[in-house]
Amino acid sequence: MKKVTKVSLVFIGGSLMGSLLTFVVLGQLSCLQYRDYVMKAAREQVFIASQLRGQRAEELQKSAEANLPEIVLAIHNDRQLQKARDAPLVMREVRDFYELNGVPVPAKISGILSALPPRQY
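Residue numbers in the sequence shown follow our numbering, run continuously in steps of one, and reach 309 at the last position.
Below, the structure written as structure tokens:
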């Protein structure tokens with residue numbers, strides 16, 4: 189009887205420790221992802237500032253515009269990105285960019301952007 193009690197206590201203790209360790213590790217992963225996101229955003233801002241300071245605004249504009257279709261396709265084709273809270277907002281902002289600036293929408297994303305629901309004002 190003592191042996192069964194001892195084994196049960198060890199099992200329960202191990203389960204609790206495993207749960208706690210899993211919780212800590214998963215908590216660190218989201219912290220690391222956030223940290224990486226912040227660092228990437230900071231590097232991007234430094235790059236933009238460097239380009240603008242170096243009088244390369246037109247090159248920066250062309251580069252940013254060239255990335256928009258890839259962003260739309262990435263969100264459209266990835267279930268995890270589709271579930272992101274801001275995914276619909278980003279898609280609408282890209283659509284608005286093309287509409288407001290009179291830039292023709294690339295054929296590979298025109299169907300995706302036209303299928304978006306209209307903006308609710």
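Where a beta carbon is used, it is the ideal one built from N, C-alpha and C, also for glycine.
Nothing here was measured: the structure is a model prediction, and the numbers come from that model.
Touch check for the region 265 to 277 and the region 235 to 247: three-plus C-beta pairs under 8 Å? no
For the pair the region 282 to 294 and the region 245 to 261, tell me if three or more CB-CB distances fall below 8 Å. yes
Let's test the definition: count the other Cβ atoms within 10 Å of the Cβ of L301 and tell me whether it reaches 16, buried, or not, exposed. buried
Short Cβ contact (8 Å threshold) for Q239 with E232: no
Out of G202, T193, A230 and Y286, state which residue places its alpha-carbon closest to the alpha-carbon of S298. The option with the nearest alpha carbon to S298 is Y286.
Contacting residues, own chain, Cβ-Cβ under 7 Å from I171 (five flanking each side not counted): Any answer about residue 171 is impossible in this case: the structure gives the chain only from 189 up to 309.
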